[in-house]
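Protein chains in written order, with our numbering: chain A, 1 to 242; chain B, 1001 to 1242.
There are 2 protein chains.
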Amino acid sequence: MLRPTRQSNQDNNAASASKPIKTGPRVYEEIRRMAMDYRFKPNERINEVALAARLNVSRSPIREALQRLVTEELITFQTNRGFFCRGFDVDEIVNLSDVRAVLEDRSLRLAIQRATNEELAALVDWWTLTMARADSFSSAELTARDEEFHIRIARLSGNPELARMLEGINTRIHFVRKIEVEKHRRLSTTYTEHSEIARAMVARDADSAARLMHDHIAISVADAMSTVREGLARIYIDVGQI
Amino acid sequence: MLRPTRQSNQDNNAASASKPIKTGPRVYEEIRRMAMDYRFKPNERINEVALAARLNVSRSPIREALQRLVTEELITFQTNRGFFCRGFDVDEIVNLSDVRAVLEDRSLRLAIQRATNEELAALVDWWTLTMARADSFSSAELTARDEEFHIRIARLSGNPELARMLEGINTRIHFVRKIEVEKHRRLSTTYTEHSEIARAMVARDADSAARLMHDHIAISVADAMSTVREGLARIYIDVGQI
DNA sequence: TCAATCAGAATTGTCGACAATAGAAAACGG
DNA sequence: CCGTTTTCTATTGTCGACAATTCTGATTGA
Chain A
1 MLRPTRQSNQ DNNAASASKP IKTGPRVYEE IRRMAMDYRF KPNERINEVA
51 LAARLNVSRS PIREALQRLV TEELITFQTN RGFFCRGFDV DEIVNLSDVR
101 AVLEDRSLRL AIQRATNEEL AALVDWWTLT MARADSFSSA ELTARDEEFH
151 IRIARLSGNP ELARMLEGIN TRIHFVRKIE VEKHRRLSTT YTEHSEIARA
201 MVARDADSAA RLMHDHIAIS VADAMSTVRE GLARIYIDVG QI
Chain B
1001 MLRPTRQSNQ DNNAASASKP IKTGPRVYEE IRRMAMDYRF KPNERINEVA
1051 LAARLNVSRS PIREALQRLV TEELITFQTN RGFFCRGFDV DEIVNLSDVR
1101 AVLEDRSLRL AIQRATNEEL AALVDWWTLT MARADSFSSA ELTARDEEFH
1151 IRIARLSGNP ELARMLEGIN TRIHFVRKIE VEKHRRLSTT YTEHSEIARA
1201 MVARDADSAA RLMHDHIAIS VADAMSTVRE GLARIYIDVG QI
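As structure tokens, this is what we get:
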């Protein structure tokens, strides 16, 4: 295999000849994605050499990426035993939803105080457009838009820390959210809640907006359990790629 | 220097012959501490080899620790340029305080709902005891107790995610807090606020407790500026160890 | 049959080496 | 004298190697 000088990024996945991208960040992003989507089974031990081979790099960048993901709570770690996929359980989802609720509340209220009319109008328009095209989007794309709606509000809050924390939560509940989006889709329930929230924001009606947001986010333990049940089914049924 | 087989942890700092401690975790903890206390100057570039030499290890564990600290926002990173100490500025402190306020509010309300009488009584007692001995504590110890007071409440909330996020914020504002503790001390202002909060919790008076907590945490931009000013003075005046 | 013990295999932890990149200093030209 | 280019040096990025640890599963003894 005569080692190449400094691995010329031989683009293993997807034939995109677009960007070279440093291996470090690329590896991090790739593993992060895998963890978000539970491509590792819950609590599964992650074999460093196998993963390194799969991504065509040595263990160093793998380990560095994994360490980062540990503090993002997407991965766990035990000394001398290595890295593991996080678990997938109801409590965590419920707890995260609770934290999320208070952060979204603050986020929204600050946005109402600080955002300009134009910015809020743009939010409404963007979501209206998204809904109009909803049918043409895949579930993954729709989930991404859902996430983006909330992040946009967080950005309008003017507090980057708030946005950062919400993004952290988002990556951790991404899988759950995707399941919920698909459930919505099956029942052809449209996402009118976002529109209502955005309109209340335009009207600078903080309390109404906050109430709508809260109801939108709130998740009963029963709902969480049902979602987890479905999630576990997918994780263990879907055949891994390759 | 005839390399030793697997570095026998020759205990560079402090003569503690207590625990062996794996180098990985040790290094992480040590660098984390340095970052918390701004032993690196704000925005200073961190030299990996120098740091490795200082801690008597190779660059691998250093880099892994630094990567973790990047996602904890104690360190920044730029590809091909390396790691840097985070900045030290007013906006960040104000923004973090704002987030902290909502998390502490939630934390406290959940604790009031869920904690037992015994747990809340223990909180009051512990703080009373701490205050009684306050004079015998160093500023560092007192700061640690201050932090612990809030973390205990977060634990009583029963939501580990809440506690985790507050801990994350605590590590980032640790330096600021220490300065505030010393300011209090100079003015011999006693920390009665904690006692009042705890007592309101015992009385299950959520709104009063929350109001007290909010006032306790709230920081005006002017205050933040003054604290930052003092902080910068310390950072650049204190001579680094060795 | 089952628990405990003990090789042998697999995996992690840390290291030193070296190429690629960025940064600093020197040489150059105006 | 100052801005630009070039050369040299310092630093980061990634790798393969090997010791230490954990895991596996085979063997033993009750």
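All C-beta atoms, glycine included, are put in the ideal place defined by N, C-alpha and C. Remember, it's a predicted structure, so these values are computed and weren't measured experimentally.
Note that the C-beta distance between B:Val1099 and B:Pro1061 is not below 8 Å. Taking 7 Å as the Cβ-Cβ cut-off, the segment 209–232 of chain A has no residue approaching chain B.
A straight line joining the alpha-carbon of B:Glu1182 with that of B:Val1176 spans about 10 Å. By the CB criterion at 8 Å, A:Lys178 and A:Thr143 fall inside the cutoff. Assignment of A:Thr76 by DSSP, reduced to helix, strand and coil, places it in the strand class. The straight-line gap separating the alpha-carbon atoms of B:Cys1085 and A:Ser58 is approximately 28 Å. Around B:Asn1159, the beta-carbon contacts reaching into chain A at under 8 Å are Asn95, Asp98, Val99. Linking A:Arg186 to A:Met213 through their CA atoms gives a straight-line distance of about 23 Å. A:Asn95 counts as buried, since no fewer than 16 other beta carbons sit within 10 angstroms of its beta carbon. Residue pairing of A:Ile46 in beta bridges, as defined by DSSP: A:Phe83.
When the beta-carbon positions are compared, A:Val124 and A:Val221 stay at least 8 Å from each other. Taking C-beta separations shorter than 8 Å and ignoring five residues to either side along the sequence, the partners of A:Ser97 in its chain run Ile173, Ile217, Ala218, Ile219, Ala224, following chain order.
Taking a Cβ-Cβ threshold of 8 Å, the residues of chain B close to A:Met165 are Val1099, Met1165, in chain order. With at least 16 other beta carbons inside 10 angstroms of its own, B:Ala1115 counts as buried. The DSSP assignment places complete alpha helix (DSSP H) segments of no fewer than 4 residues inside the segment 108–186 of chain A at 117–132, 139–156, 160–186, in order along the chain. For B:Gly1024, the nearest CB of chain A lies under 8 Å from its own CB, placing it at the interface with that chain. Residue-level contact by beta carbon fails for A:Gln113 and chain B, as no gap is shorter than 8 Å. No Cβ of chain A is located within less than 8 Å of the beta carbon of B:Val1202.
8 Å or more divides the Cβ of A:Ser107 from the Cβ of A:Leu51. Of all alpha-carbon atoms in A:Gly87, A:Ala111, A:Thr71, A:Asn47, the one lying nearest the alpha-carbon of A:Asn80 is that of A:Asn47. In the three-state reduction of the DSSP assignment, B:Ala1203 falls in the coil class.
Assignment of A:Tyr38 by DSSP, reduced to helix, strand and coil, places it in the coil class. Of the residues A:Arg39, A:His184, A:Glu73, A:Ala200, the one whose Cα lies closest to the Cα of A:Asn117 is A:Ala200. At a cut-off of 8 Å between beta-carbon atoms, A:Arg106 makes contact with chain B. For A:Ala218, the three-state secondary structure derived from DSSP is coil.
Note on geometry: alpha-carbon atoms of B:Lys1022 and A:Arg145 lie some 44 Å from one another.
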